[in-house]
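Written below as structure tokens is the structure these notes are about.
Residue numbers (the working numbering), protein chains in the order written: chain A, 840 to 1587; chain B, 6 to 179.
In structure tokens, the structure reads:
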């Protein structure tokens, strides 16, 4: 018996028991009768004309299903923002490991042999990997100038402010590298094709309806003849947002030609080489600040490398731009942001989606400003934090009663900021090979799609009751490890009054689950969770109206009994809820002004590091993550999101380096692309401060938030430990060694 | 969906016999077949996962005669006559079930793909050192990669399971 109140409790993960017993079927655990194994022939070079394709000896080619561009049932495009990316390169390849040809065979080993036996006759064309060369147009690989998208934001008079007599002007350039999502389960799909029923794909994916839309466009079939089912998915982090559409399409066209189901599972190397990574970035920041630390003007130029096709770069750029000024008051702002085409494989969605890159730049820059002014870095931020009634750099009015001092104060208290910094400075001054430092980042992250994005998505969630008196939640939002199933069950139970054990969250399947939008942008709990709550409440109302349920009753079995009675009398009852924008929200996409996001989570992170001057190794000894994220539905799951994001941020900052050569990833293995292990990560101390809007506050997204803060905080700590100003990540020992050597030479 | 694989007719391979989770098993497989593939494709034990195929991520961890190994690196010919333990057999061991329950309670599993291997590594520790401190636990898990959790709740789960086992040992219960 319970009295509701599931929201706010650390309810155990619904599929937890199955996961610890190895019982769940991920895509590679599934097979269909007669299934073939599909493989992809890819370009070994970045840019070339395809002169010919031939099939070498030693392979029973008559048994191999071969699909090229001419075999596609519809347009050779990956349907996303633009239609510039082909499903299979036709005539020209534009990046390394671009798909050229698809093969399938019943025996995986034969399929692999066939892949190796395909001979590509490629005539190399000039490629461009360097951002400046691409911006200059030395080689034009996209459009007329390699410019995917440009945004500008301006208010005030930046030039005048920069030339005021009493301001300190500081300029800096900040760079971030590509980052591999490195979900532990590589990408994979199984497709079936039936001339009568159409296409069915199952796979590891975040966004069932993205895959659905891509297949509808490719097969030119009515939507109901394309069915996409999510298999249990072993992590995504953005990496299974856009490319599952390609893999599903590849498997499906092979299945169509073969007349048999086709499974395509990428191995680790193929996954790392061929699918997206976080956009590398370069940000030039120029600021004018008064001697007391008051921020006056920000002039910022943000550039990201989008790779060879447009994919999602415009929206990554948009989020990066909006977050670039940080949660600070800037009287004068000028932002210029560009996504540039190069010959790298397309960069794509990865937790944070552009924000970590620009947050890194502004936070590192503010640390350097603080050093110049002789002001404590925490104090500099405190003097400029947004308050209720202020506007962000894109003009969004902060209506929420934010108390960012509280967030900052908690982080400083938990890290014992002032005393620890003083102690480290004294100890470091005594010499010795081990130096310690403490660094801070303050940031915010907007949840949900940018601007009018949620309106365009028009998400829908359904709930229904069954003859057994159970409540079923139907939404396309996927469980990818973050806890969707559990969160939805908690929300549905509270809203309807059914016992949480009486809630089933249905596995996403486009045949009967409505489009609640993609599982991205920290929107699942905040946006879709709300819809699940509304639809569940509507069920309760209907049962009350039918005279079957006393609305004052909170007995857990009352709902189930009423539901059983309803279905017995009237048949199935289903309710739905559709997204409605919060009132007064307006976004001007053309001028990049207005209410960019419906909600922001706010955070202060502190990293404590030890630097070994002999080896230039950095160790993160302690990490404090304090945030305000509205109402927390499930504290254990929420903290798990923060901890996991922080670990990815640690990796991005000091371990994970994508090595490129001629546009190809040269370290596509877990042995040479290093993600943090249990000994590389500290105890991550997470705190959620009480919601600014009070106990009845709505939820805010938190999935991406923790990716923004760790890298700048860690580099600040390294700077504090070593008396240097590192400005680029990843900062592996090789890079830090150079910084330390330069600093020693400079000191002489 | 069936867990049945239609395997192309293979040339006759020698039989390899061993014990999996206490039950005898025999397969006809190429001697150099990876134990991982034999477990998954021949024995349909899909709880053992492949994350990298080169012994780095630990998702395919199993016990061979009580030794924790990466099954992607073990040719099946090496396990003839051996006792193999996989995740599917873990809950039959009361002390290891304590570990599994702690993972569920503490949030040690998120996406779950590393979880079977991670539990195997934790089990290896539980069986030899119930007094392990956090640093020892972290070292014991360092051969298993997780991209979701930041390891905090995995470590917590092991800490709590060890405490529970110590308490049980002190009290003389299982």
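Every residue, glycine too, gets a C-beta built ideally from N, C-alpha and C. Remember, it's a predicted structure, so these values are computed and weren't measured experimentally.
Using a Cβ-Cβ distance under 8 Å, would residue i count as near chain A?
{"i": "residue 39(B)", "result": "no"}
{"i": "residue 124(B)", "result": "yes"}
{"i": "residue 66(B)", "result": "no"}
{"i": "residue 58(B)", "result": "yes"}
{"i": "residue 132(B)", "result": "no"}
{"i": "residue 96(B)", "result": "yes"}
{"i": "residue 89(B)", "result": "no"}
{"i": "residue 120(B)", "result": "yes"}
{"i": "residue 154(B)", "result": "yes"}
{"i": "residue 73(B)", "result": "no"}
{"i": "residue 173(B)", "result": "no"}
{"i": "residue 114(B)", "result": "yes"}
{"i": "residue 150(B)", "result": "yes"}
Does any residue of chain B bring its CB to less than 8 Å from the CB of residue i?
{"i": "residue 1022(A)", "result": "yes"}
{"i": "residue 1074(A)", "result": "yes"}
{"i": "residue 1450(A)", "result": "no"}
{"i": "residue 856(A)", "result": "yes"}
{"i": "residue 1346(A)", "result": "no"}
{"i": "residue 1102(A)", "result": "no"}
{"i": "residue 1563(A)", "result": "no"}
{"i": "residue 860(A)", "result": "yes"}
{"i": "residue 863(A)", "result": "yes"}
{"i": "residue 1380(A)", "result": "no"}
{"i": "residue 936(A)", "result": "no"}
{"i": "residue 1319(A)", "result": "yes"}
In the DSSP assignment, the alpha helix (DSSP H) including residue i goes from what residue to what residue?
{"i": "residue 1595(A)", "result": "The requested residue 1595(A) is not part of the displayed model; chain A covers only 840 to 1587."}
{"i": "residue 857(A)", "result": "855-859"}
{"i": "residue 1058(A)", "result": "1047-1058"}
{"i": "residue 159(B)", "result": "157-176"}
{"i": "residue 1071(A)", "result": "Note, residue 1071(A): premise wrong, no alpha helix (DSSP H); not H, not E."}
Could you give the DSSP three-state label for residue i: helix, strand or coil?
{"i": "residue 75(B)", "result": "strand"}
{"i": "residue 1417(A)", "result": "strand"}
{"i": "residue 28(B)", "result": "strand"}
{"i": "residue 1042(A)", "result": "strand"}
{"i": "residue 1098(A)", "result": "coil"}
{"i": "residue 146(B)", "result": "coil"}
{"i": "residue 1003(A)", "result": "coil"}
{"i": "residue 1116(A)", "result": "strand"}
{"i": "residue 54(B)", "result": "coil"}
{"i": "residue 1318(A)", "result": "coil"}
{"i": "residue 108(B)", "result": "helix"}
{"i": "residue 1500(A)", "result": "strand"}
{"i": "residue 1183(A)", "result": "coil"}
{"i": "residue 80(B)", "result": "strand"}
{"i": "residue 1570(A)", "result": "coil"}
{"i": "residue 1110(A)", "result": "helix"}
The ligand NAP and residue i: does any heavy atom of the ligand fall closer than 7 Å to the residue's C-beta?
{"i": "residue 1082(A)", "result": "In the structure shown, the ligand NAP is absent, as is every other ligand, since no ligand is present at all."}
If I follow the unbroken beta strand (DSSP E) through residue i, where does it start and stop?
{"i": "residue 988(A)", "result": "986-994"}
{"i": "residue 1102(A)", "result": "1101-1104"}
{"i": "residue 1175(A)", "result": "1171-1180"}
{"i": "residue 1302(A)", "result": "1299-1304"}
{"i": "residue 1466(A)", "result": "1456-1467"}
{"i": "residue 1449(A)", "result": "1438-1451"}
Does residue i have its Cβ less than 8 Å from a Cβ in chain C?
{"i": "residue 146(B)", "result": "In summary, chain C is missing from the structure at hand, where the protein chains are A and B."}
- [ ] Flag this pair as touching only if the region 995-1003 of chain A and the region 1090-1105 of chain A have three or more C-beta atom pairs under 8 Å; answer yes or no.
- [x] no
Task: Inter-stretch contact at 8 Å, needing at least 3 Cβ pairs: the region 1143-1150 of chain A / the region 938-954 of chain A - done: no
- [ ] Pick out the complete alpha helix (DSSP H) segments inside the region 1535-1564 of chain A, 4 residues or longer, and give them in chain order.
- [x] 1544-1547, 1549-1561
Task: the region 1185-1200 of chain A contacting the region 1543-1563 of chain A, beta-carbon criterion three pairs below 8 Å - done: yes
TODO: Quick one: which unbroken beta strand (DSSP E) runs of 3-plus residues sit fully inside the region 1242-1291 of chain A? Chain order, please.
DONE: 1273-1286
- [ ] Check whether the region 888-903 of chain A touches the region 955-964 of chain A, taking contact to mean three or more Cβ pairs, one atom from each stretch, closer than 8 Å.
- [x] yes
Open item on the list: As an exercise, report each continuous beta strand (DSSP E) stretch of at least 3 residues that is fully enclosed by the region 846-929 of chain A, in chain order.
Closed with: 875-881, 887-894, 904-906
Task: the region 1314-1333 of chain A touching the region 1278-1295 of chain A, judged by at least three CB pairs closer than 8 Å - done: no
- [ ] Could you say if the region 1442-1449 of chain A and the region 1420-1434 of chain A meet the contact criterion of at least three C-beta pairs nearer than 8 Å?
- [x] no
Task: Any 3 or more C-beta pairs closer than 8 Å across the region 59-69 of chain B and the region 125-144 of chain B - done: yes
Task: Inter-stretch contact (C-beta, 8 Å, three-pair minimum) for the region 1564-1574 of chain A and the region 1000-1018 of chain A - done: yes
Task: Touching by the beta-carbon criterion (3+ pairs, under 8 Å), the region 1106-1120 of chain A and the region 1018-1028 of chain A - done: yes
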